[in-house]
Structure formats: structure tokens, C-alpha cells
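*Asks:* First the structure, which I've put down as C-alpha cells, then a few questions once you've had a look.
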Amino acid sequence: MLTAAVLLAWCVLLAGPLPRRLYRASWARRSPRLAVGLWQALSVSFLVTASLAVVSVADPDNPPPNVLAHPMRSCLAATRDALHTPAGAVLVGGAVVLFAVLAGRVAWYVGSGSISAARRRRVHGLRLSLVARRDDDLGALIVEHAVPQAYCLPGRRATIVLTTATVAELPEAELAAVLAHERAHVRARHHLVVQAARGLERAFPRIPLFRYASAAVPALVEMAADDVAARRTDPRRVAAALATLSTSAAPPVALSAAGVETLSRVRRLLAPAPLGAGARTVALAAILAALALPLGVVALSSWGAHTIGACCEVSVDSTTTASDVSRPEIPARIAD
Amino acid sequence: MRGFGELEAAVMERLWAADEALAVRDVHTQLAARELAYTTVMTVMDKLHRKGWLARVRDGRAYLYRPVVSRERYTADLMGEALSASSDRSATLVAFLDHLDAGEAAELRAALDSMAERRPRRSTARLGRQ
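In C-alpha cells form, the structure reads like this:
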């Protein structure tokens, strides 16, 4: 039961308080890649911990190490035992249902989101083929349009799309910065990272962790691409490209209040403050800790059970009942 | 949805460039350099009509075709889709820029002006229509 309690406590911490701290942390903008890694680690940790917690609550006498070692056997054994008592049946049945729902939602929302996103991209690409011309020098599709725009269509056959206004308004060096930014998105497969975060948010809309992650990750991913472009060209060139495109005189298309993000990206590029080696190490350690913690708790509980000499080695057979399992084995000599 | 072949795109270009509705014969003449069969052009235009991109009106024995949507409108809708997809929750495209209000624009201009050297803009002559 202690295992279950610790796992549940970690779940609760991961669900709200920790993500809130990370969302407000200023260090994230200074190392967006590490920040994205931490968001992903927290999300995975939550899902793994929740699963292990469900398992350990359903079968408190059979700690997770046993379950992980022999999932089928312990599942069947637990079910068999549970059928002896109505309460047990409800508990185990409920746990199975809950686990299936958790896994199902993740698979469904992340999977279907990715599929529909891929379909939308394909349709958009097909529609583009009517008006876009390939420019081999730039390695991009050019579309005749008065509004400066630059974006990438990620995926297996990734393309970068520029409007004629973009090519006309940007000096050569800034255009190179734009292309470097978009290529960074394609190479790092940022679309998958963003889709996963959004899928998890749709799967579990009431868990703040996934809402925070879904809000933070897209912006961080833009900053990460800015950084790559800045390394390949020059941070001021990237900033200038952003500024030029954003202040173009062409009529703006209605958007959500994302103008602030562009401004903060420009400021960030003009006054870079990357994380020091020490801070980066701490961030990396946090990622590893978040991932390792659920398994660590489980391993610790296994060690604890061994030390106390409780039920770990007791094999559950049809002659024992649930209440028997927790009684330690009495050496034959003393029992005589 | 199949993509637009290179020929379909060429035919649409001709129709968009024209001020009036065109018959198959007109388009075939305009695309003479490609040495296409008349029936090929006719098939393509008929297909575009069936796909909903061209409207047609009977003129004697032949049809007169015109685009349903102007090129500018088509492109604007497409670019709008690209932009809105990036700001809604189920993004598939990543847009590079957001638009700003006057105060933010002023701040950015100041940041730009502070940059030491800026090369002149690339000439638009580079972008020839094909």
C-alpha cells in the first residue's frame, strides 16, 4: 500500500504543481530544447506512474515488481483471488477497466490526431501544387501572394513554402535565416512533438500537466528553431527576418494574440542568455529523475519487501486465498 | 484527392490569365509549344470542370470555360488555411510569423535599425513566372 501511496503522491505532484512551476520558469526560454525534453519526461512519467499506481492499488498484496516480472501470471492470479470476494472483484475489475481506458485514450487521441494532421498536410500540399512553383536555388515552393508568409509542411516529403512577398521583402541573408529556421523544424520533427503534446491534452483535458505542456511546447519549439537558425546564420539576421516579416505593410490576417511571442523571440535573439553548463546538467538530471522515479519507487518497494521477508517469493497457487498471501512463511522446524 | 498534374496547372494558368471564358481550342492554341493533342487538352479541361475548378457554358457546339475562383482568391484561401492552422489547436503547419500592433512594430523597427548593416532587398526580377 505504501508503494501505491508514493506513486499516487508523485502523480498528484506531476498533475498540477510541478507543471505550473515549469510553465512559469524563466530558464525554459534560455534552453528551449531541454525544456521540451522536461515537458516530455514529465508527461511520460505521469502516464507510467498512473499505470503502476492503478496496478498496485488493485492488488496491494502483490507488489508491482511481481506484476512487472510476470504480468500474465499475476494478472490471472489476482483475478482468481479477487473473485473470492466481491470487493476484490470490483477492485481488480475496476483497475483493468481504468488501465484500458488510460491506454486507449492515449493511443486514440495521439494516433487519430497525427493521422488527421497528416491528411490535412497532404490536402494542403495538393492544393498548393496548382499555384506553387519550385525554386531550386532556395529549395522551396514559391507562391504568388501579397502577404509575406513562410512556413513548412513537415512530414516524410517535407517542403518549405514562401510567398513572393517574402522573397521580395527580405534581403538575401535574412531569407537564408528563414529557410534555416524552417529546415530546423523539419529536421527535428517538431510537428511530432507538438502533435503528441496536443494529443495528450485532448486525451486528458482535466489534467493540468497536459494543458500546460500543450501550451508551452509550441512556443519552445519555435525558439529552438530560432536557435538553430541563429547558429547557422546569425542571431541578428534571424531577429531581423522576424521583425521584417511581422511589420510588413500587407494587411494582416486575423490571428490569436501571438504577436507578443514574436516580440519576445526577437528580444531573446538580440540579447541571448544561454544556460550555463551547471544549470544544463541540473535540467538533464531532472529529466532523468522524472523518468526514473516511478520505476525507482517500484524497485525500492521490492527491496523493502525482500528485506522484511514478506510475500515476494510466495507463489500464488489455487490453494491459497488472498489473506494467506501476506503471511510470512514459517520455517518447518518451528512449526512442528 | 489526387494532386494537380503539371498540365492541369498549366491549363488553370491560361484560364486565370485570360480576361474572358476560353474554349478548348483557345487553350490548345495557347499551349501550342507543348505539342499536345487537342483531345488531351479537352480531357484535362473536362476533368477540371468535374473537379469543380472550372465552370462552363455552351457556345454553339463547344463549351466556354472559366475558373470558378480567381487565382488571388484561391491563393489567399490557401495561405489563410496555412496561417489559421498554426494558431488553432490542431496545427499541421508551422507559421513563421505573427502580426503585431503599432507599439510592438515600433519596438521591432528600433531593434532593426540598431543593426549595423543591412543589405539591399533582393530584386523581384529574380522571380520570373514560368
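Heads up: the sequence lines are chains B and U, in that order.
If you want this note's numbering, it's the position in the first sequence, counting the first as 1, plus 628.
If you want this note's numbering, it's the position in the second sequence, counting the first as 1, plus 291.
Glycine included, C-beta positions come from ideal geometry on N, C-alpha and C.
The structure displayed is predicted, hence computed values, not measured ones.
Under the assumption that A805 (chain B) contacts R865 (chain B) (Cβ atoms under 8 Å), give the Cβ distance between them as a whole number of angstroms.
*Replies:* Within the first sequence, numbered from 1, the residue matching residue 805 (chain B) stands at position 177. Within the first sequence, numbered from 1, the residue matching residue 865 (chain B) stands at position 237. About 4 Å separates the two Cβ atoms, so the contact holds.
*Asks:* Below 8 Å on C-beta distance, what does A669 (chain B) contact in chain U?
*Replies:* As a position in the first sequence, residue 669 (chain B) is number 41, starting the count at 1. Here the premise fails: no neighbours, minimum Cβ distance about 23 Å.
*Asks:* Please state whether the Cβ-Cβ distance between A723 (chain B) and V685 (chain B) is less than 8 Å.
*Replies:* What you label residue 723 (chain B) is simply residue 95 of the first sequence in a count that begins at 1. What you label residue 685 (chain B) is simply residue 57 of the first sequence in a count that begins at 1. Contact flag set, yes.
*Asks:* Pick helix, strand or coil for R761 (chain B), following the three-state DSSP scheme.
*Replies:* Indexing the first sequence from 1 puts residue 761 (chain B) at position 133. Correct three-state label for R761 (chain B): strand.
*Asks:* Is R380 (chain U) close to chain B? Criterion is C-beta to C-beta, closer than 8 Å.
*Replies:* What you label residue 380 (chain U) is simply residue 89 of the second sequence in a count that begins at 1. Because R380 (chain U) sits at a pLDDT of 34, beneath the cut-off of 50, its placement in the model cannot be relied upon, and the following sentence gives the value as read from the coordinates. Chain B, which has a Cβ nearer than 8 Å to the Cβ of R380 (chain U), makes this yes.
*Asks:* I'd like the list of long-range same chain contacts for L921 (chain B), defined as Cβ closer than 7 Å, with 5 residues on each side in sequence excluded.
*Replies:* By one-based count along the first sequence, residue 921 (chain B) stands at place 293. Cβ within range, chain order: W638 and S673.
*Asks:* Using a C-beta cutoff of 8 Å, does R341 (chain U) count as contacting chain B?
*Replies:* Mapped onto the second sequence, residue 341 (chain U) falls at position 50. R341 (chain U) does not count as touching chain B.
*Asks:* Distance, Cα to Cα, L418 (chain U) vs V775 (chain B)?
*Replies:* Against the second sequence, residue 418 (chain U) aligns to sequence position 127. Against the first sequence, residue 775 (chain B) aligns to sequence position 147. Only weak support is given to the placement of L418 (chain U): the predicted model assigns it a pLDDT of 40, under 50, and the question is left unresolved by the model.
*Asks:* Skipping 5 residues on each side, what residues in its chain have a beta carbon closer than 8 Å to that of W344 (chain U)?
*Replies:* In the second sequence, counting from the first residue as 1, residue 344 (chain U) sits at position 53. For W344 (chain U), where only same-chain residues beyond five positions count, the Cβ hits under 8 Å are M303, P358, V359 and V360.
*Asks:* Does DSSP put P902 (chain B) in a helix, a strand or coil?
*Replies:* As a working note, residue 902 (chain B) is residue 274 in the first sequence. P902 (chain B) falls in the coil class under three-state DSSP.
*Asks:* R364 (chain U) versus chain B: which residues are under 8 Å apart at the beta carbon?
*Replies:* The count along the second sequence starts at 1 and reaches residue 364 (chain U) at position 73. Residues of chain B passing the Cβ test: none, with the nearest at roughly 11 Å.
*Asks:* Quick check: L766 (chain B) and L807 (chain B), are their CB atoms within less than 8 Å of each other?
*Replies:* Stepping through the first sequence from its first residue, residue 766 (chain B) is reached at position 138. Stepping through the first sequence from its first residue, residue 807 (chain B) is reached at position 179. Contact flag set, yes.
*Asks:* Rank U:Y365, U:D350, U:L403 and U:R400 by C-alpha distance to the C-alpha of A314 (chain U) and give the top, closest one.
*Replies:* The residue you call residue 314 (chain U) lines up with position 23 of the second sequence. Comparing Cα-Cα distances from A314 (chain U) to each of U:Y365, U:D350, U:L403 and U:R400, the minimum goes to U:D350.
*Asks:* Using a Cβ-Cβ distance under 8 Å, would V759 (chain B) count as near chain U?
*Replies:* As a position in the first sequence, residue 759 (chain B) is number 131, starting the count at 1. Yes, contact with chain U.
*Asks:* For A669 (chain B), which option in B:A918, B:A844 and B:S929 has the closest C-alpha, if you only look at C-alpha atoms?
*Replies:* Looking up residue 669 (chain B) in the first sequence gives position 41. If we check each option's Cα against that of A669 (chain B), B:A918 comes out closest.
*Asks:* Please check the pair A643 (chain B) and L837 (chain B), which I expect to be a contact at CB under 8 Å, by giving their CB distance rounded to whole angstroms.
*Replies:* Position 15 of the first sequence holds residue 643 (chain B). Position 209 of the first sequence holds residue 837 (chain B). That pair is a contact at about 5 Å.
*Asks:* What are the uninterrupted segments assigned as beta strand (DSSP E) that are 3 or more residues long and contained completely in the stretch 328-384 of chain U, given in chain order?
*Replies:* DSSP runs (the beta strand (DSSP E)) wholly in the stretch 328-384 of chain U: 345-350 and 353-358.
*Asks:* Is there a Cβ of chain U sitting closer than 8 Å to that of V856 (chain B), yes or no?
*Replies:* What you label residue 856 (chain B) is simply residue 228 of the first sequence in a count that begins at 1. Judged by the 8 Å Cβ criterion, V856 (chain B) is not in contact with chain U.
*Asks:* Can you name the residues that DSSP bridges to A768 (chain B)?
*Replies:* For the purposes of this step, residue 768 (chain B) is taken as the residue at position 140 of the first sequence. Note: A768 (chain B) sits in a beta bridge opposite B:D763.
*Asks:* What's the gap between the Cα of A927 (chain B) and the Cα of A825 (chain B)?
*Replies:* The sequence position of residue 927 (chain B) within the first sequence is 299, counting from 1. The sequence position of residue 825 (chain B) within the first sequence is 197, counting from 1. The straight-line gap from Cα to Cα measures roughly 29 Å.
*Asks:* By DSSP's criteria, T787 (chain B) is part of a beta bridge. Which residues make up the other side?
*Replies:* Counting from 1 along the first sequence, the entry for residue 787 (chain B) is found at position 159. DSSP lists B:L781 as partners of T787 (chain B).
*Asks:* Using DSSP with H/G/I as helix, E/B as strand and the rest coil, what is L322 (chain U)?
*Replies:* To locate residue 322 (chain U), count along the second sequence from 1; it is residue 31. In this structure, L322 (chain U) counts as coil in the three-state DSSP scheme.
*Asks:* State the beta-bridge partners of L916 (chain B) as determined by DSSP.
*Replies:* Position 288 of the first sequence, counted from the first residue, corresponds to residue 916 (chain B). Answer is none; L916 (chain B) lacks a bridge partner.
*Asks:* If you run the structure through DSSP and keep just helix, strand and coil, what is Q421 (chain U)?
*Replies:* Along the second sequence, read from residue 1 onward, the residue named residue 421 (chain U) stands at position 130. With a pLDDT of 33 at Q421 (chain U), under the threshold of 50, the modelled position of that residue is not reliable, and no figure is offered here.
*Asks:* Could you tell me whether the stretch 812-827 of chain B touches the stretch 841-850 of chain B, where touching means 3 or more Cβ pairs closer than 8 Å?
*Replies:* Result yes; three or more Cβ-Cβ pairs closer than 8 Å.
*Asks:* Tell me whether the beta-carbon of L322 (chain U) lies closer than 8 Å to the beta-carbon of A346 (chain U).
*Replies:* Locating residue 322 (chain U) in the second sequence gives position 31, where the first residue counts as 1. Locating residue 346 (chain U) in the second sequence gives position 55, where the first residue counts as 1. No, these two residues do not count as a Cβ contact at 8 Å.
*Asks:* Using three-state DSSP, classify L313 (chain U) as helix, strand or coil.
*Replies:* On the second sequence, residue 313 (chain U) is found 22 positions in, with the first residue counted as 1. Residue state, collapsed to three classes: strand.
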